[in-house]
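Have a look at the structure below before the remarks.
Number of protein chains: 2
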Amino acid sequence: MDDKLTSTFLRVCQDGSIRAVAVSLQQEPSTISRRLTALETELGIQLLERRKKGVKPTEAGELLLHHLRGQAAELEALTAEFDALRGMRRGSVSLAVGEGFISDLIKNALPSFKKAYPEITFTMRSGSTEAVMQDIQNDVAHLGFVFNATPDRHCKVLAHTAQPLQLLAKPASDWAKTTSPVSISSLALMPSALLLPGSGIGAMVSEVETIYGVRLRRAVEANSLAAIRNFVREGLGVTVLPAFVVAQEIADGTIMALPLDVPEFARGEVSLIARSGRRLPEAAMKLANHAMRSMQAFQA
Amino acid sequence: MDDKLTSTFLRVCQDGSIRAVAVSLQQEPSTISRRLTALETELGIQLLERRKKGVKPTEAGELLLHHLRGQAAELEALTAEFDALRGMRRGSVSLAVGEGFISDLIKNALPSFKKAYPEITFTMRSGSTEAVMQDIQNDVAHLGFVFNATPDRHCKVLAHTAQPLQLLAKPASDWAKTTSPVSISSLALMPSALLLPGSGIGAMVSEVETIYGVRLRRAVEANSLAAIRNFVREGLGVTVLPAFVVAQEIADGTIMALPLDVPEFARGEVSLIARSGRRLPEAAMKLANHAMRSMQAFQA
DNA sequence: TACATGTGTTGCGTGTTGCGCAACATTTTT
DNA sequence: AAAAATGTTGCGCAACACGCAACACATGTA
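Same order as they appear, the protein sequences are chains V and S.
Residues 1 to 300 in UniProt numbering are what the first sequence spells out, letter by letter.
Residues 1 to 300 in UniProt numbering are what the second sequence spells out, letter by letter.
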């Protein structure tokens, strides 16, 4: 059933005359007539009764009419839903994020985004850099936020910003008084809470240790940033992280960041990635743009 | 929304690959691809996510899919109803009949017709010849059964059969013993129950009375055949009617028919009529054919 | 690493199809 | 009897959808 055919049938039933529809559609009566006969042929049943003046639907025509009206109503509902999706008033975006991005994301990106597009839902998986890139490659997540992404032909970098690892300490503590930039040897003396090498950050720390032949004083090793944050905030020691990971605490004044005199740490970098070759849904595109503008991790 | 587009979209969602659909439909992948993009353009929203291997419906695609499935189910129901109509298993025919045809119609035509096409419903209006022809002209009824139809360019005669008016009497009564054919003068002496001139039959009787300058002995004048039938069956007198009107009673032996020696009465004729120029619904056509074959009024 | 095979997409030439114009058959109105 | 209205059919053209080929890209394999 062609849409053009059924819609003209509707109008003909409504107006009760072929010619009336023809003039209102600015088309030839023959066109209308042909469409009607085509529809009747397609359905194999007579739909209109040709009467003295104009036409009138037969019983089959009435049935079709009823069907089309119901269908039109459903179509209207469907297009309304499409409008919602188009206007980003609905949709779902799945994210895979390194743990360090969670607070930045939730604090700086999501609130304003949800305000603009309230009906969009998120799926968020947090994991190591490797896990995130796995999710991206397997289309489990639309977007990935990772620290020190290893270049991968399957992953396309939508945005990247330098985020040097810094020394984080409690402001009043002894370690906060170190002359900055802090050297690797000074750092090695401080009790520290470090991420396990499973994460990008932890891996970078291990790498630096290997390069410089030093071993930091690990008071705590964890795969959870919460543990490390608390460790530092309580003044039990220091850690090495990009500043944006503890942006809240820095703003509060409960943690301060000091530069490290280690070029390798300066090469730290955050990336927003997606699978290369994938055409992202609109909602994901919008969020990506929004994130790289609003998240602290992507400010130079 | 073109049907071709949506149906290919359905298949693509089902098979998960454009090329798979292309081979199964024996068409080029480009055709399928173009149809999909056309549908997406028409709806203004992305429906399919192009993935590593094949395609997968987006959220909008899922919505459309759901919509189309529901629509397909309704279409199936609709075509089933059409099948029913086509197969004459449903439909409605409106009839306008002279009262004399009712028993013939109900006894001889409808039972066998309803047996063949059980779901067809009837609307039946009974009235005078004029009223019936009015109904036909105004498309109130598909078919009309009338006695002595006046030729009318708006009405087309589908069938007509001579049905002379006869003398009807109770078999054992005095009037049944009259030498036949019965003359007009003999008839004039008998107490009779006659139809009012509003009907075709009553009009013909009046006409004959005028021509021959006689006046029948009206014991009863009525516009209802039931009254006349009962009058004759009870042996209270005679009437003048086509034999088929009291076919049941003749078969029972409760009424007998005698020929009348009046040429004008012999010109009595029944007609099955429809509006000229009207294309009748299938059900009406079928019924017309069935009626002229099964009704006693149309047997020579 | 290079190649073969899989995916979907785009440019171009061609065949089908739906459309407008005109004439027609019928019926209603003047 | 003519005029105006209805729906229908024949014919020619133009737009559109399709097939073919080449392409872009990703994936698996020698």
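Even for Gly, the Cβ is constructed at its ideal location relative to N, Cα and C.
Values in this document were obtained by computation on a predicted structure and should not be read as measured data.
- Straight across, the Cα-Cα distance linking L241 (chain V) with F113 (chain V) is about 27 Å.
- In the three-state reduction of the DSSP assignment, L195 (chain V) falls in the strand class, which pools E and B.
- Here G144 (chain S) carries a strand assignment [DSSP, helix/strand/coil].
- The region 282-298 of chain V and the region 92-109 of chain V touch, with no fewer than 3 CB-CB distances between them shorter than 8 Å.
- The Cβ atoms of P281 (chain V) and G91 (chain V) lie closer than 8 Å to each other.
- Using a CB distance cut-off of 8 Å, P281 (chain S) counts as an interface residue toward chain V.
- The beta carbon of R229 (chain S) sits closer than 7 Å to those of V246, E249, all from its chain and outside the five residues before and after it, given in chain order.
- When the beta-carbon positions are compared, V21 (chain S) and V12 (chain S) come within less than 8 Å of each other.
- Taking all protein chains shown into account, E234 (chain V) has fewer than 16 neighbouring C-beta atoms within 10 Å of its C-beta and is therefore exposed.
- Under DSSP, H67 (chain S) takes part in no beta bridge, so it has no partner.
- Within the UniProt domain "HTH lysR-type" (1-58) of chain V, complete alpha helix (DSSP H) segments of at least 4 residues are found at 3-15, 18-25, 29-43, given in chain order.
- Within 8 Å of the CB of L43 (chain V), the CB atoms of chain S belong to T79, F82, in sequence order along the chain.
- The beta carbon of T58 (chain S) sits closer than 8 Å to some beta carbon of chain V.
- In the structure shown, M88 (chain S) falls within a coil segment according to DSSP collapsed to helix, strand and coil.
- Judged by DSSP secondary structure, F244 (chain S) falls outside any alpha helix (DSSP H); it is assigned neither H nor E.
- Three or more beta-carbon pairs separated by less than 8 Å link the region 150-159 of chain S to the region 260-278 of chain S, which places the two stretches in contact.
- Chain-ordered, the chain S residues with CB closer than 7 Å to the CB of H67 (chain V) read E74, L78.
- In this structure, DSSP gives H160 (chain V) an extended state, which the three-state scheme calls strand.
- Against chain V, the CB of M295 (chain S) has no partner CB under 8 Å away; the residue lies outside that interface.
- Beta-bridge partners assigned by DSSP to F122 (chain S): S:V93.
- In this structure, the straight-line span from the alpha carbon of H290 (chain V) to that of T121 (chain V) is close to 15 Å.
- When the alpha-carbon of T58 (chain V) is set against those of S:A283, S:E119, S:E207, the nearest one is in S:A283.
- The residues L47, L48, in chain order, have a CB closer than 6 Å to that of G61 (chain V) in the same chain once the five nearest residues on each side in sequence are set aside.
- Looking at V:A227, V:V205, V:S224, V:R86, the one whose alpha-carbon comes closest to that of R217 (chain V) is V:V205.
- The alpha-carbon of G198 (chain S) is positioned some 16 Å away from that of A226 (chain S).
- If you draw a 10 Å sphere on the C-beta of G277 (chain V), you find fewer than 16 other C-beta atoms in it, and that means exposed.
- Taking C-beta separations shorter than 8 Å and ignoring five residues to either side along the sequence, the partners of F231 (chain V) in its chain run A193, A219, V220, G237, T239, following chain order.
- When only Cα atoms are considered, V132 (chain S) and N223 (chain S) end up about 15 Å apart.
- Across the structure, S94 (chain V) and N138 (chain V) are spaced so that their CA atoms are roughly 12 Å apart.
- The bridge partners DSSP lists for E269 (chain S) are S:A162.
- Around D2 (chain V), the beta-carbon contacts reaching into chain S at under 9 Å are D2, D3, K4.
- Neighbours of L287 (chain V) in chain S, taken as residues whose beta carbon is under 7 Å from its own, are absent, since the nearest beta carbon is some 14 Å off.
- DSSP lists S:T239, S:A257 as the beta-bridge partner residues of L168 (chain S).
- At a Cβ-Cβ threshold of 8 Å, S33 (chain S) and I45 (chain S) do not count as neighbours.
- The DSSP-derived three-state label of E99 (chain S) is coil.
- Sequence-distant Cβ neighbours of Q163 (chain V) in its own chain, meaning closer than 8 Å and more than five residues away, are F147, P242, A243, F244, G268, E269, V270, A297.
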